[in-house]
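Remarks on the structure that follows.
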Amino acid sequence: MTQTAPVADQAPSGKPSFCDSDGPSQEAIAAFYDGMKPFWHPVLSEADLPEHKIVRVELLGIGIALARLNGQVVALRDLCRHFQARLSLGEVIDLDGLQHVMCPYHGWSYGSDGHCKRIPQLLEGRKIPPNARVDSYKVAIRYGLIWVCLDDEPKFDIPDYPEWGDDTFRTVVMKEEQPSKTSSIRMIMGTLDDTHFPWVHQGILGSRDEPAAPDHKVWREGQYLVLQYDVEQPPNLATTDMSAEGADKVEKIALRYTDYVGMPNVIRLVKDSDAGRYVVWLATCPSAYNRTTNFWAFSRNYDMNPGRDSIYEEFSAHVRSQDKPVIESQRPWLLPPFWTQIELPLGPADKPLMEFQRWLEELGIVSGI
Ligand code: FES
Ligand SMILES: [Fe+2]
19 MTQTAPVADQ APSGKPSFCD SDGPSQEAIA AFYDGMKPFW HPVLSEADLP EHKIVRVELL
79 GIGIALARLN GQVVALRDLC RHFQARLSLG EVIDLDGLQH VMCPYHGWSY GSDGHCKRIP
139 QLLEGRKIPP NARVDSYKVA IRYGLIWVCL DDEPKFDIPD YPEWGDDTFR TVVMKEEQPS
199 KTSSIRMIMG TLDDTHFPWV HQGILGSRDE PAAPDHKVWR EGQYLVLQYD VEQPPNLATT
259 DMSAEGADKV EKIALRYTDY VGMPNVIRLV KDSDAGRYVV WLATCPSAYN RTTNFWAFSR
319 NYDMNPGRDS IYEEFSAHVR SQDKPVIESQ RPWLLPPFWT QIELPLGPAD KPLMEFQRWL
379 EELGIVSGI
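Numbering follows my numbering, with no gaps: position 365 of the sequence shown is 383.
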């Protein structure tokens, strides 16, 4: 009896096959990490890094120890150069008037630049070996987050979020306790994609009676991929001032979306309607190829009462909870390159996603399965 492969194993003829339970090849993971390296990535809320604490985060499969040393946030490779214990299990100590990170195992202590400044077991008169150092990475603080770049030369700046800190807007931050089981690229695509609105967010962001895609205008502007389209949606907190009398009596609201993807890992959706402006902001941290830490914020310039923030948080959490299982179900984990034909994007409805992927491929971020 001849054995046939399960359907999931069968790719279009002549194309590479993958099994949907498999992870990507080591080469594909390495290429993804390499492609994502020269960009700023958010790794932690600033508020989650108190003085005298060391916090471990992961970025592109690398463990990083974050600490505040001498008034600056520093990011060090979370592996001691001695016997590779985690520095994040250690302590912040004072040494000659400067703060250092001390390894918990034998007390080697590192300064902000990653150089070891103290080896307790060193014989008197002996010098600290020059290679007793760990990598230290570029750090920036923006929008209440700590951002790290693993490369000395970031390709782009941290993308703009003009509504942040603007007191004509009310901004709420949503913290996801658990990372999403997906790649950051799929997370951004799931937020950029609008043709799923009638299916995943039926009655909130769309209606299955009107599944036609809007007329998408897509272009590049500096480091941004910009998408603009006009739609009508049911009244909800993101389209309407629901605190106004009779707001829920309206059947449909006309609005314009202008989406800015800060390549490759941040997206800002700007929704303009008669109510005003509502902004969804998502910065993704690619902790690993299959694990993404999401940092969300939502800004509005209507219904400014802070007492109503929790209603907006609940609304956003509900919409996100609708997306999550679907995005986490997508395989392969990493976006397959166009040439594999594993996915079948359909023009013109999927043009925004295709343009995003085209740019990712130019940046070397999508290169294998
Ligand atoms: S492993 Fe860190 S001091 Fe020995
Ligand atoms: Fe969605």
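We put the CB at the ideal spot given by N, CA and C, even for glycine.
Quick caveat: nothing in here was measured; it's all calculated off a predicted structure.
Option in the options with minimal Cα separation from residue i
{"i": "V191", "options": "E76, R318, S202, R376", "result": "R318"}
{"i": "Y278", "options": "L113, G132, E76, W237", "result": "W237"}
{"i": "K235", "options": "K71, R99, V73, F374", "result": "F374"}
{"i": "R286", "options": "E269, M260, I176, D341", "result": "I176"}
{"i": "M302", "options": "M322, Y296, L210, N312", "result": "Met is not the amino acid found at residue 302; the sequence shown has Thr there. Ranking the options by Cα distance to T302, first place goes to N312."}
{"i": "V344", "options": "V73, G208, D292", "result": "G208"}
{"i": "V284", "options": "R188, V298, S291, D292", "result": "V298"}
{"i": "I72", "options": "N149, S106, L97, G240", "result": "S106"}
{"i": "Q128", "options": "G143, V110, G115", "result": "Reading off the sequence shown, one finds Tyr at residue 128, where the question assumed Gln. Of the candidates G143, V110, G115, the one whose C-alpha sits nearest the C-alpha of Y128 is V110."}
{"i": "S305", "options": "M54, G41, R326, E269", "result": "M54"}
{"i": "N88", "options": "E239, V119, R376, G81", "result": "V119"}
{"i": "D211", "options": "D321, D266, Y275", "result": "Y275"}
{"i": "G294", "options": "L300, E269, D321", "result": "D321"}
{"i": "Y179", "options": "R160, P172, E194", "result": "R160"}
Same chain only: Cβ atoms within 6 Å of residue i, ignoring 5 sequence neighbours per side
{"i": "G125", "result": "P138"}
{"i": "V122", "result": "Sequence check: residue 122 is Pro here, not Val. For P122, where only same-chain residues beyond five positions count, the Cβ hits under 6 Å are L107, G108."}
{"i": "T257", "result": "Q251, I271, L273, S291"}
{"i": "V288", "result": "T276, V297"}
{"i": "P229", "result": "P216"}
{"i": "D248", "result": "R274"}
Integer Cβ distance of residue i from residue j, believed to fall under 8 Å
{"i": "Y307", "j": "S201", "result": "6 Å"}
{"i": "I271", "j": "E250", "result": "7 Å"}
{"i": "C315", "j": "T189", "result": "The question names Cys, but residue 315 is Ala in the sequence shown. Going by Cβ atoms, the distance from A315 to T189 rounds to 6 Å, so yes, they are a contact pair."}
{"i": "L113", "j": "R136", "result": "6 Å"}
{"i": "I80", "j": "L168", "result": "7 Å"}
{"i": "L255", "j": "Y330", "result": "6 Å"}
{"i": "I203", "j": "I383", "result": "7 Å"}
{"i": "G115", "j": "W351", "result": "That belief does not hold up - the Cβ atoms of G115 and W351 are roughly 47 Å apart, past 8 Å."}
{"i": "W377", "j": "M260", "result": "37 Å between Cβ atoms; not a contact."}
{"i": "T310", "j": "M205", "result": "5 Å"}
{"i": "F174", "j": "Q241", "result": "4 Å"}
{"i": "P370", "j": "L245", "result": "5 Å"}
Spatial neighbours of residue i in its chain, beta-carbon cut-off 8 Å, leaving aside the 5 residues before and after
{"i": "E379", "result": "P355, F356, S385"}
{"i": "D170", "result": "K156"}
{"i": "D153", "result": "L94, R95, G132"}
{"i": "R74", "result": "G81, I82, A83, L84, D96, R104, S106"}
{"i": "L77", "result": "H59, V61, V166, L168, C303, P304, S305"}
{"i": "F101", "result": "Y123, H124"}
{"i": "E45", "result": "G386"}
{"i": "A265", "result": "P253, T258, D259"}
Closer than 7 Å: residue i CB and nearest ligand 2 heavy atom
{"i": "S368", "result": "First, the residue type needs correcting, since residue 368 is Asp and not Ser in the sequence shown. Outside the cutoff, so no."}
{"i": "V249", "result": "no"}
{"i": "D341", "result": "yes"}
{"i": "G208", "result": "yes"}
{"i": "V279", "result": "no"}
{"i": "H336", "result": "no"}
{"i": "H219", "result": "yes"}
{"i": "H214", "result": "yes"}
Beta-carbon contacts of residue i that lie in its chain and below 7 Å, excluding the five residues immediately before and after
{"i": "R86", "result": "L67, E69"}
{"i": "A367", "result": "T213, A231"}
{"i": "L140", "result": "I146"}
{"i": "T22", "result": "With a pLDDT of 37 at T22, under the threshold of 50, the modelled position of that residue is not reliable, and the figure given next carries that caveat. Closer than 7 Å at Cβ, skipping near neighbours: no residue."}
{"i": "H219", "result": "V337, Q340"}
{"i": "P197", "result": "S305, R309, T310, T311"}
{"i": "A49", "result": "S385, G386"}
{"i": "R151", "result": "R99, G132, H133, C134"}
{"i": "E361", "result": "P354"}
{"i": "E269", "result": "none"}
In chain order, what are the residues with a CB under 7 Å from some non-hydrogen atom of ligand 1?
-> Selection output, chain order preserved: C98, H100, F101, Q102, A103, C121, Y123, H124, G125, W126.
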